[in-house]
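Only one structure is covered here, and it is reproduced in the block below.
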Amino acid sequence: MKGRNGGKIKIGVCVMEKKVSCSPMEQILERLRAFGEFEIIIFGDKVILEDPIESWPLCDCLIAFYSAGYPLEKAEKYAALRRPFIVNELAPQYLLHDRNKVYEQLKLFGVPVPTYAVVRREYPNQELNYFVEQDDFIEIHGIRFCKPFVEKPIDGDDHNIMIYYPSSAGGGMKELFRKVGNRSSEFYPDVRKVRRDGSYIYEEFMPTGGTDVKVYTVGPGYAHAEARKSPVVDGVVMRNSNGKEVRYPVLLTPTEKQIARSVCQAFRQAVCGFDLLRCDLGEARSYVCDVNGWSFVKSSYKYYDDAACILRKMFLYEKAPHISSTIPTSLPWKISEPAQPSVAVRGRERGTVGISRQSEELRCVIAVIRHGDRTPKQKVKLKVTEEKLLKLMLKYNGGKAHAEAKLKSALQLQDLLDATRILVPCARSGRESDSDAEVEHAEKLRQVRAVLEEGGHFSGIYRKVQLKPSNWVRIPKHNGEGEEEHPVEALMVLKYGGVLTHAGRKQAEELGRYFRNHMYPSEGPGLLRLHSTYRHDLKIYSSDEGRVQMSAAAFAKGLLDLEGELTPILVSLVSKDSSMLDGLEDGTFEINKAKARLHDIITSSNVANCNEHVEFPWMVDGVGVPTNAAQLLTNLAELIKEITAQVKLLSDDEDEKAAINSDSPNHPYDEAKALGKAEIDMGRISAGFPCGSESFLLMFARWRKLERDFYNERKKRFDTTQIPDIYDSCKYDLLHNPHLNLTGISDLFKVSQLLADGVIPNEYGINPKQKLKIGSKIAHRLLGKILIDLHNTRREVTSATAESNTYHDPTTMSSAKRKERCYYEEVRSECFERPISNKKSIDLDDSHKETKYCLDPKYANVIEPERRVRTRLYFTSESHIHSLMNVLRYCNLDETLDGEESLVCQSALDRLFRTRELDYMSYIVLRMFENTEVSLEDPKRFRVEMTFSRGADISSLESEAKASLLPADHTMQIMEPERLQEVGSYMTLEKFDKMTRPFAMPAEDFPPATPPQTLSVRFCKDIELQGGILQHKSDMLSGMPKRKTKKLQE
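Count along the sequence shown from 1, then add 3; that gives the number in my numbering.
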């Protein structure tokens, strides 16, 4: 074998010494030396930086790549002079310094990239006529990017990347940067405006489930991929015991392998690293968001082996094609792989808390969870005739006389606040001439103003205002041609409250930690290890309500051991699906019937006597309503009056102070300051103010409204539908405002609890058959999705089992074949110029469906890499928890299932009967296990276990409400889960399916193609067409025909 002057092939390493001395480069060069065919020549910094190229060492093959301080132009001249074979061509490396040029090159080769736009400035703060910035979006050349979006410097060497979040998720900005210690990002809740000091690329934010994928190529035929926790989520770098960032090798889909080949060819860099975003918005797609040039995997001995063998093949092909490049039977170096975990560790990984059957594996966890502790929900209605408010309505409804205006954005609500500040003073006027109607109107306007000025939470996620025109007059048109209608009166509806409290956030985080430690395999860090290795298929869904979204984000923080603010977690990990988790669907009519019947039962004293022995007491109409309910209504009304009077005095005192300080400036609100606030504000409490951000004025308005709505003095009529709200408000003040020492609040709690315990469960049906009917209407979509989750899990497990049996069967291939398969079976020495159009087309959807996103068993130091756990978390409101529970316990009452036993055992039915309230953070969990010792066809292969928790433990509130017994941080602990089946019972998947399918939405009825409304909104409406054009171009690369997929398959 001869090189340039005979002897060994000379490989010149013309890179900065810092790069040569890094462990991956040393490992690979050492392996190349071990082959005995190469002489490795290290140029060194002095030669590269100081010596003329004519005196540089001669070589046959050249490894040269840019890093800080590297003279790339000088290296180019050397290559032109000596003409060695170059592993990574030098001229294309200039492209890597400009992110815009990188994207253009990727698009030229058909590689999918996020839709983006470029803003170039010649000097800082240059005004550009094509760039517009608003609260929640920017427009570039008429293309609108809605938050969240990503801002990257065009300069590829500037790694300070920003992500801007929408006000609906709390607003703020997260800065991503190169790792500093254990941090790689920082969240700034007060930063809303984009940078204007230079030139930037703006692109859509791609939700990736909290993980990033880094791909490393060694030639166009080899790609190694590793997953890590995304810095977008919390910015904390996960490190192992050696201080290295924790990453796990993962398999690439066929389409992703094609992308890797194309990146390698586009930049003519054989050894190249790039970042891959695996995004699932209706259909799974992967996008390249950055190309780094020369990069090696860290701490992977098998990868070092692969890279050395592939580089050897390249060098021999170019300089000694007559020499065989076949992989030797015995590699000429000693492999020092990390020790595999012991059998004891393997046993622990297989174990799961609460499982007595050693042969079982946890396969699926499905949880339906109610949101955490919140402030009482409120609504203000008033008729307005003020010109300022009418003009505001016309401003935001497009100037249409009969159209309503919905005000949700920060800008819209600021306009309303400015108008109310002008129309009404802080303090009451006190004029005797004011009529009762005028006083009440002024009071409501003051309430609106107070709500808008309330500290924090100021965004559409918690406050919504509707202005609906209700009266019109005809006026001449502006052009004098005829008349037109003009509104002179409108109904204003302000909805506020229902905000997740500091206690609610803490409850959700703690429940997430409980799930992490008790619901999953307990080997090592358990769930965290599963999640980071792609063996945990996790999706989190939320309803549209702000408190539910933030509960989901806080739960995810505890579940995955994340740090920092909730906004980035919410945007990265939580998807909204309001059609499945919001509203009452078509159960409203039946609910109203139940409420009307319940009102008659309560007010007529025609209540079932629960003291009489009945075998199944839960079968009685209106069971749970107190026998003295009619008398309790009167007591309740009197107690409410007492509380309202006390709060009025506190509000009046607040008024006097406001009048004294009336000259203080009006500050604009900050919509995200208190969003998801984690700690209790002891300063406010010590000063004698209500907990949170509620003023005494709003507290008084809350109780005054309850007093008026509950009992109509003129008609002498009670409204029993107000009982849940009264109980809710009382419980809130008892827990969060005990320092106000309201006399009678404990008595009010007892009376309202007695009534609420009878009213709330019966609002979803006054008997089991009606509960089943209403429950199936409200929860039918959610139940249908749960069945899809379970059956998809079974299908995937069955498929994985078959693949695993083939993979581990030693008879399926010879020893030599196994070794050859283990080492880069697809390595080819093809030239870079091969046109992409010659490749066989690949369907993205099929490849994703076939391989999923999972661990690479050849490289991962993980036992049983094929084992996966699917988790689906559904965060919702009280109505869906009650509805789902009613279907589970009463499904056997349906005539189609006559004779079948309930899914819930007798003892659990009795406990549920005694459980009146499914409080904050109550949940229902379904876990599916696989018995690996029976055949795949055996119905007992899959077992479903059902548990539930009553949620927050309110026993401290029931103990005479002594302040010493109440939690100091206002956080009620979550009750432990209870079984819904007898110990030792066995419910098969087939049994669960049979009993629930009649009440579930069929899979074929779910809407196709449209993804869950992910909080990370990709684009506003007017960009979809342009984005579609670009996407079509990307599709042309691999011949990927887009076809519709059902979102609920995920």
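Heads up, the beta-carbon is just placed ideally off N, CA and C, and yes, glycines get one too.
- Setting aside the 5 residues that flank it on each side, residue 875 is surrounded in the same chain by 369, 542, 792, each with a C-beta closer than 6 angstroms to its C-beta; the list follows chain order.
- Under the 10 Å beta carbon count, residue 234 is surrounded by 16 or more other beta carbons and is classified as buried.
- Within the DSSP secondary-structure output, residue 276 pairs in a beta bridge with 219, 296.
- Linking residue 84 to residue 60 through their CA atoms gives a straight-line distance of about 12 angstroms.
- One Cα belongs to residue 393, the other to residue 469, and the distance between them is close to 12 angstroms.
- Between residue 515 and residue 377, the CB-CB gap reaches or exceeds 8 angstroms.
- Between residue 277 and residue 27, the C-beta gap is not smaller than 8 angstroms, which leaves the two residues out of contact.
- Residue 471 is not a Cβ neighbour of residue 382, given a cutoff of 8 angstroms.
- DSSP places residue 214 in the strand class (E or B) of the three-state scheme.
- In this structure, the alpha-carbon of residue 975 lies about 25 angstroms from that of residue 703.
- For residue 109, the closest of 269, 585, 303 by C-alpha to C-alpha distance is 269.
- Contact check between the region 382-391 and the region 554-562: fewer than three CB pairs, one atom from each, fall below 8 angstroms, which does not count as touching.
- Three or more Cβ pairs closer than 8 angstroms define a contact, and the region 151-166 falls short of that threshold against the region 213-220.
- For the pair of segments examined, the region 573-589 was found not to touch the region 719-737: the number of CB pairs separated by less than 8 angstroms stays below three.
- Distances from the alpha-carbon of residue 169 to those of 186, 938, 196 put 196 closest.
- In this structure, residue 523 lies away from residue 578, with their beta-carbon atoms at least 8 angstroms apart.
- Taking all protein chains shown into account, residue 726 has 16 or more neighbouring C-beta atoms within 10 Å of its C-beta and is therefore buried.
- Within the region 875-900, the runs of alpha helix (DSSP H) that reach at least 4 residues and sit entirely inside it are, in chain order, 881-893.
- In the structure shown, the three-state DSSP call for residue 266 is helix.
- Residue burial is scored here from C-beta neighbours: residue 700 has at least 16 other C-beta atoms within 10 angstroms and is therefore classed as buried.
- Taking 8 angstroms as the cut-off, the Cβ atoms of residue 890 and residue 999 count as close.
- Note: residue 190 is bridge-paired with 177 in the DSSP secondary-structure output.
- Judged by DSSP in its simplified three-state form, residue 942 adopts helix.
- Non-local C-beta neighbours of residue 127 in its own chain, meaning closer than 6 angstroms and more than five positions away in sequence, comprise 200, ordered along the chain.
- Going by beta carbons, residue 275 and residue 220 fall inside the 8 angstroms limit.
- Distance from the Cα of residue 366 is smallest, within the candidate group 311, 89, 804, for 804.
- Under the DSSP assignment, residue 467 falls outside any alpha helix (DSSP H), being part of the beta strand (DSSP E) whose first and last residues are 467-479.
- Counting other Cβ atoms within 10 Å of its Cβ, residue 19 reaches 16 or more and is therefore classed as buried.
- For residue 997, the enclosing alpha helix (DSSP H) covers residues 992-999.
- DSSP places residue 716 outside any alpha helix (DSSP H), giving it a letter other than H or E.
- Boundaries cannot be given for residue 767, as no beta strand (DSSP E) includes it and DSSP labels it neither H nor E.
- When rounded, the separation of the alpha-carbon atoms in residue 794 and residue 1004 is 14 angstroms.
- If you draw a straight line from the Cα of residue 67 to the Cα of residue 210, it is about 36 angstroms long.
- Beta-bridge pairing by DSSP links residue 183 to 186.
- The region 628-645 and the region 712-721 touch, with no fewer than 3 CB-CB distances between them shorter than 8 angstroms.
- With respect to residue 207, residue 332 sits apart: the two C-beta atoms are not nearer than 8 angstroms.
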